[in-house]
Amino acid sequence: MSLIEVKNVKYAYNYGSQDAIVAVNDVSFGIEEGEFVALVGHNGSGKSTLAKMLNGLIIPLDGDVLIDGMNTRDDSLLYDIRRQIGVVFQNPDNQMVATIIEDDIAFGPENLGLDPKEIRERVDWALGAVGMEKHKKGMPFRLSGGQKQRVAIAGVLAIKPRVLVLDESTSMLDPKGRTEVLNVIKRLNKEENITVVLITHYMDEATDADRIIILNKGKIAHIGGKEIFLEEDRLRSYGLNVPTHIHIANSLRQGGMDIGQIWTERELEEEICRLL
Amino acid sequence: MPIVIENLSYTYSPNTVFAHDALKNVHMTIDDGEFVGIIGHTGSGKSTLVLHLNGLIKLTSGKILVNDIDLSKKYDYKKLRSTVGIVFQYPEYQLFDETVEKDIAFGPKNLGLSKEEVAYRVRTAMEMVGLDYEIIKDRSPFELSGGQKRRAALAGVIAMHPKILILDEPTAGLDPKGKENILELVHSIKKASQVTVIMISHNMDEINEHCTRVAVLNQGELVYYLKPSELVERSLELGKMGLDIPTSARIARRLRKKGINIKTGIHKQDELIAEVLKLYKGERA
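Taken in order, these protein sequences are the chains called G and W. According to this note's numbering, the first sequence holds residues 1 to 276 in order. According to this note's numbering, the second sequence holds residues 1001 to 1285 in order.
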């Protein structure tokens, strides 16, 4: 059994009224412990609805979501489910609860009723894991966007979840902040073996994932690896595009150049050098 | 008349411990009909600069001329704000009225225009941003999709018929298709109305694909104000500021370093593709 199992889930907003909007329609997938999965799709494709289903903020109208075998339908399990799944949202400003950064991180573990020594350890560990230990006595409002979002991630980490769900957590950040946050996420996945579900519509963020799940109009359009980047027209039909360097590679192939398989800019450059 | 900015400086919370120099001696001119990009990391002064241009931040030091309005003297706010339209970040959060039509009409109505003129402007603005007037006009702006909301908010500014349109990160938070649509829209508005466009963005690729000149701000200073083809040759300096050149320019530069004879100044992906294919075909011929 997978750590996360999503089985034939369906959800509609305003269900039962005449302006019902089907957001997720018969979606199934599994995610294994330690995996890094990118969930991508256009605006309104159902990504965020699915994210909220993973920790029981939304209960599917049909189908089931199982986290380590626990069904989100069962109210009595929700507390345990939310200890396993930590969600980081889009706007870091909405996720701060305290005026001092270390207090903010301590909020979660305090609510778990842990003893002070354990809380202290977790706060230090979480801030270290996102590279913000120097700021622990600082105030959140003084931080840059990328730093704030790293603090928000630390706040979730302090609960020691097995899964980190990031719901467009980089979309309000500048390029530097985005890189900071993505590096932290990659490290947590590799070094702490935290399962990552990265929700995004930046395809270049998806290139780091083990698997890519593409949603289109509430349905699954693709589950698999990066080969999907070679199908630019298909991605366009889902309202997505490919990273610029992959678009360049695809166009050069169309122009008759025999460019091999490339995933990074460096690989593209080597291929061009080989052919010129 | 162009926009002329001379020796512009601005300090937040002056004479306090929180004093912060947001802009330092900025000089720049923007000609009529230009499409100027402003780029810089968070806190570089981009927003402080554009907020000066329609008087939302009061000029305290230096000189600004917008068309023939001198912001260092007493001036007509209404006239300035009907000349310069700003579309803020996430403009969809500023929608407020019961219907889309009323929301877009709010600005023009406050200019004291006739009913007929207001109605005409609302209809044409909606058509310009690709919202179907008959279908959408009576709907609540809050029922629209994310992309439609942003278009409606943009229409509210366009209906003011500004001569200068300022866009603060117009594509933030949109998916790739939505981004493309908004940028195409800006181009079509520009073509139809000859408006001068100033666009703030974090995305070098976006700026270099679309703008005639790019202003680079760093810690309140205007470091570069160049054509995209000139800017991409400053990759080292930009890197030090935490900015990057566009992907196509970066690849072109590294290929040149490896001894491949690629022309300088490439800043669009289509240019790079064409250049590489030209070299490839030359080689084979």
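Here a beta-carbon is modelled for each residue, glycine too, at the ideal position from N, C-alpha and C.
The beta carbons of residue 110 of chain G and residue 100 of chain G sit no closer together than 8 Å. Taken through DSSP and simplified to helix, strand or coil, residue 195 of chain G comes out as strand. Interface flag for residue 42 of chain G against chain W is set, since a Cβ pair is found closer than 8 Å.
For the segment 235 to 269 of chain G, the residues whose beta carbon sits under 7 Å from a beta carbon of chain W are, in order, 239, 240, 241, 244, 245, 247, 248, 251, 252, 255, 257, 265, 268 and 269. Boundaries of the beta strand (DSSP E) around residue 1062 of chain W: 1061 to 1066. Closest option to residue 182 of chain G, judged by alpha-carbon separation, among G:38, G:217, G:76 and G:84: G:38.
Separation of the CB atoms of residue 269 of chain G and residue 1254 of chain W is rounded to 5 Å, and the pair is thereby assigned contact status at 8 Å. By the neighbour-count definition (other C-beta atoms within 10 Å, threshold 16), residue 139 of chain G is an exposed residue. Comparing alpha-carbon positions, the option among W:1274, W:1011 and W:1175 lying closest to residue 1252 of chain W turns out to be W:1274. When 7 Å is used as the limit between beta carbons, residue 276 of chain G is near these residues of chain W: 1260, 1279, 1280 and 1283, in chain order. Contact annotation for residue 1244 of chain W against chain G: 175 [CB-CB distance below 9 Å, chain order]. Nearest C-alpha to residue 1125 of chain W among W:1114, W:1112 and W:1107: W:1107. Those residues of the segment 157 to 172 of chain G placed with their C-beta closer than 9 Å to a C-beta in chain W are 168, 171 and 172, ordered along the chain. Taking a beta-carbon distance threshold of 8 Å, residue 1091 of chain W does not count as an interface residue toward chain G.
Note: residue 1213 of chain W is bridge-paired with W:1036 in the DSSP secondary-structure output.
Here residue 130 of chain G carries a coil assignment [DSSP, helix/strand/coil].
The shortest CA-to-CA distance from residue 112 of chain G to any of G:129, G:80, G:92 and G:134 is the one to G:80. Within 9 Å of the CB of residue 1172 of chain W, the CB atoms of chain G belong to 171 and 172, in sequence order along the chain. Residue pairing by DSSP places residue 1221 of chain W opposite W:1218 in a beta bridge.
For residue 1128 of chain W, the three-state secondary structure derived from DSSP is helix. Between residue 208 of chain G and the set G:3, G:226, G:218 and G:98, the nearest pair of CA atoms involves G:226. The alpha-carbon separation between residue 1151 of chain W and residue 68 of chain G amounts to approximately 43 Å. Counting along the chain, the unbroken alpha helix (DSSP H) around residue 101 of chain G starts and ends at 101 to 111.
For a Cβ distance threshold of 7 Å, residue set 174 and 176 of chain G lies close to residue 1041 of chain W, ordered along the chain.
Below the 8 Å Cβ cutoff, chain W contributes 1042 and 1043 as neighbours of residue 144 of chain G, in chain order. In the three-state scheme derived from DSSP, where H, G and I count as helix and E and B as strand, residue 20 of chain G is classed as coil.
Taking the C-beta atoms as reference points, residue 28 of chain G is found nearer than 8 Å to residue 7 of chain G. Counting only runs of 3 or more residues that sit fully inside the segment 1135 to 1215 of chain W, the beta strand (DSSP E) segments are 1164 to 1168 and 1196 to 1200, in chain order. Inter-segment contact for the segment 1205 to 1217 of chain W and the segment 1238 to 1251 of chain W is present: three or more beta-carbon pairs are separated by less than 8 Å. Going by DSSP, residue 1093 of chain W is part of no beta strand (DSSP E) at all; its letter is neither H nor E. Secondary structure at residue 1106 of chain W: helix, using DSSP grouped into helix, strand and coil. Rounded to the nearest angstrom, the gap between the Cα atoms of residue 167 of chain G and residue 1079 of chain W is 43 Å. Of the residues assessed, residue 1157 of chain W falls on the buried side of the cut-off, its CB having 16 or more other CB atoms within 10 angstroms. Taking 8 Å as the cut-off, the Cβ atoms of residue 1172 of chain W and residue 1128 of chain W do not count as close.
With its beta carbon less than 8 Å from one in chain W, residue 201 of chain G belongs to the interface. For a cut-off of 8 Å, the C-beta gap from residue 239 of chain G to residue 1021 of chain W is around 42 Å, too long to register as a contact.
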